[in-house]
Amino acid sequence: MSEYTLIATCAFGLEALVRQELDDLGLPVSEVRDGRVLFEGDAEAIAQANLWLRTADRVLIELARFPAETFDQLFDATRTLPWAEWLPRDAFMHVTARSHKSKLFSLRDCQKIVKKAMIEALRARYNQERFSEDGPRFPVEVALLNDQATLTLDTTGPSLHKRGYRSDAGSAPLKETLAAALVKLSRWEPPRLLADPLCGSGTILIEAALIARNQAPGLQRDFQGQAWPWLPAAIWQRAREQARKQIQPIDIRLLGSDSDGRVLKKARDNAEAAGVADLIAFQTLPVSQFRSRKRYGVWISNPPYGERLSDRQSLQTLYAELRAVWAELPDWSYFMLSGDPQLEQDLGKRASKRRKLFNGQIPCQYYQYFGPWPERAPRE
Ligand SMILES: C[S@@+](CC[C@H](N)C(=O)[O-])C[C@H]1O[C@@H](n2cnc3c(N)ncnc32)[C@H](O)[C@@H]1O
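Going by our numbering, the first residue of the sequence shown is number 1, and it counts up by one from there.
Now the structure itself:
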């Protein structure tokens, strides 16, 4: 089976988690760059990575990397690649371009040159002039960085955060990949109680339940590479069958609450669609009324950030409520993803650790307040 250089792309700040996930899958990482983790693997690795990676956005195949300061260089190096090994006669060639700190900066021209070179290579090989492009889609990207071109092929299709369980996006949902990252960074493990008392559409809890159950996040969706003749259906099928067998029966109850009953309806629907509704109890509840008798619980939330002045006042009320509720749960650990730079100050509590993350385009901090580690299985 052919070996490929593969790239798992991810949001800035999540590279170490993606690397850890690839290590856990037994896929050897060769390099970590901003937003990209490179690894080696065959067709099976492509299926495994797509099916299992929780914190990455896409799995790309690196087709080539070469210097490209002129359009001629870009054209010539692209044309010499073995395109007919990858693209069938009817391939729909969807080429996109990116450029940063490079002499070739016209994206439209880069895109056109690459496509022209691909077609020329295919003409020579398939001995035909025109291509119908009505077959499977092959998303090729040319990325220029410091006058180096990297050509990649996207095996994923819609980003991996689209797990297939979310019916309606809700008002301000977290991406599933980021929610999974928050859970992993918290080092939560059953049987510790996990709660999100500002849970919105439930993304953090659903991702935590999938992790606890060892359920592959991609089981409910398809991937672009499934349509390609050289990534045979049997490989994907086998990976899915194995993943189904790896689901662990587990009996835990995660707690989700929110003051907005309508958003909780979405949370319940999403949990149901993800197959983890039995693991999460959702309740309409203002955070000020959150109580628990469990010890050593873990609280992970993505509170409202507040950008207007009026929001600032409601945020201060919310923080005062959090302070009061947390005072009753002194041995819990708290994790808050927020774009509010004043969170620690207004909460009156310095985080044990902070980590810079992005919620889409919004720069955020993951404020981590570590409580005591339970010495033995937690008791009520
Ligand atoms: C940024 S959203 C959380 C989004 C969530 N992580 C998701 O993926 O859908 C913040 C949530 O906090 C809830 N909220 C705000 N103030 C609250 C309060 N005082 N009590 C309970 N929930 C509150 C809002 O209703 C909203 O759903």
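Yeah, the Cβ is synthetic: ideal placement off N, Cα and C, and Gly gets one too.
Less than 8 Å between the CB atoms is what I'm expecting for Pro363 and Gly339, so what's the real figure, rounded?
With a contact defined as Cβ atoms closer than 8 Å, Pro363 and Gly339 qualify at about 7 Å.
beta-carbon Thr203 near ligand 1 non-hydrogen atom, thresh 7 Å:
Proximity of the beta carbon of Thr203 to ligand 1 is indicated: a heavy atom of the ligand is located closer than 7 Å.
Would you list the one or two residues that DSSP bridges to Arg36?
DSSP, once it has assigned bridges, lists Thr9, Arg33 as partnering Arg36.
Is the separation between the beta-carbon of Leu160 and that of Asp57 shorter than 8 Å?
Contact check for Leu160 against Asp57 passes: the beta carbons are separated by less than 8 Å.
Less than 8 Å separating the beta-carbons of Leu122 and Ala179?
Contact flag unset, no.
From Pro190 to Gly256, what distance separates their C-alpha atoms?
Using only the alpha carbons, I get a separation of about 16 Å.
Closest to Lys245 by C-alpha separation, out of Ser259, Gln215, Ala274, Ile252, would be which residue?
Lys245 has its Cα closest to that of Gln215, out of Ser259, Gln215, Ala274, Ile252.
Is Gly164 helix, strand or coil when you go by DSSP?
Three-state DSSP puts Gly164 in coil, outside helix and strand.
Helix or strand or just coil, what does DSSP make of Lys356?
The answer is strand: DSSP assigns Lys356 an E or B state.
In the DSSP assignment, find the alpha helix (DSSP H) that holds Arg238 and state where it starts and stops.
Per DSSP, Arg238 is one residue of the alpha helix (DSSP H) stretching across 233-245.
Uninterrupted beta strand (DSSP E) stretches inside the stretch 116-199 (no shorter than 3 residues):
Entirely contained in the stretch 116-199, the beta strand (DSSP E) runs reaching 3 residues are, in chain order, 137-145, 148-154, 194-196.
How long is the line joining the alpha carbons of Val276 and Gln224, rounded to whole angstroms?
When rounded, the distance between both Cα atoms is 26 Å.
Suppose the cutoff is 7 Å on Cβ atoms and the five residues either side in sequence are ignored; what does the same chain contact list for Lys115 look like?
Answer for Lys115: Met93, Val95, listed in chain order.
C-beta atoms of Thr55 and Leu14 nearer than 8 Å
In this structure, Thr55 lies near Leu14, with their beta-carbon atoms less than 8 Å apart.
Minimum length 3: unbroken beta strand (DSSP E) runs contained in the stretch 288-338
Counting only runs of 3 or more, we get 298-301, 333-338.
Candidates Trp230, Val140, Gly157, Ile280, of which the one nearest Ser2 by Cα:
That would be Trp230, whose Cα lies nearest to the Cα of Ser2.
Keeping to the same chain, check which residues put their C-beta closer than 6 Å to that of Ala274; ignore five residues upstream and five downstream.
Tyr165, Ile206.
Val29 and Leu17 - do their beta-carbons sit closer together than 8 Å?
Not closer than 8 Å, so no.
What span of residues does the alpha helix (DSSP H) with Thr78 cover, start to end?
Annotation for Thr78: the continuous alpha helix (DSSP H) segment containing it runs 71-79.
Which value, in whole angstroms, describes the spacing of the CA atoms of Arg293 and Ala64?
Distance between the alpha carbons of Arg293 and Ala64 is about 57 Å.
Leu254 - partner residues in DSSP beta bridges:
Answer is Ile280, bridged to Leu254.
Pull the bridge partners of Thr96 from the DSSP assignment, please.
As DSSP reads the structure, Thr96 sits in a beta bridge with Glu141.
Thr360 Cβ short of 7 Å to ligand 1 heavy atom set
For the sequence presented, residue 360 should be read as Gly rather than Thr. Distances from the CB of Gly360 to the heavy atoms of ligand 1 are all 7 Å or more.
Terminal residues of the alpha helix (DSSP H) in which Leu347 lies:
Leu347 -> alpha helix (DSSP H) spans 343-347.
State yes or no: is the C-beta of Tyr4 within less than 8 Å of the C-beta of Gly35?
Cβ atoms of Tyr4 and Gly35: not closer than 8 Å.
Out of Asn127, Gln148, Pro82, state which residue places its alpha-carbon closest to the alpha-carbon of His100.
Just measuring C-alpha positions, the residue of Asn127, Gln148, Pro82 sitting nearest His100 is Gln148.
Please state whether DSSP places Leu63 in a helix, a strand or coil.
Strand, per DSSP.
So if DSSP puts Gly41 in a beta bridge, which residue, or which two residues, is it bridged to?
Paired residues: Tyr4.
Consult DSSP for Gln365 and reduce its assignment to one of helix, strand or coil.
Residue state, collapsed to three classes: strand.
Count the other CB atoms within 10 Å of the CB of Ala327; is the residue buried (16 or more) or exposed (fewer)?
Counting C-beta atoms within 10 angstroms of its own C-beta, Ala327 has fewer than 16 neighbours from the protein chains shown and is therefore classed as exposed.
So, for Tyr126: in the same chain, excluding its five sequence neighbours on each side, which residues have a beta-carbon less than 8 Å away from its beta-carbon?
Contacts found: Ala84, Arg89.
Cut-off 7 Å between Cβ atoms - residues of its own chain near Thr386, not counting five sequence neighbours on either side:
Coverage of the chain is limited to positions 1 through 380, which leaves residue 386 absent and any answer about it impossible.
According to DSSP, simplified to helix, strand and coil, what is Arg89?
Correct three-state label for Arg89: coil.
Considering only C-alpha positions, which residue in the set Gln316, Asp109, Leu53 is nearest to Thr70?
Of the listed residues, the one whose Cα sits closest to Thr70 is Asp109.
Quick one: residues in its chain with C-beta nearer than 6 Å to the C-beta of Gln368, no 5 flanking neighbours on either side, listed in chain order?
So the list reads Phe335, Ala351, Ser352, Lys353, once near-sequence residues are dropped.
For Phe358 versus Ala11, is the C-beta distance shorter than 8 Å?
Contact flag set, yes.
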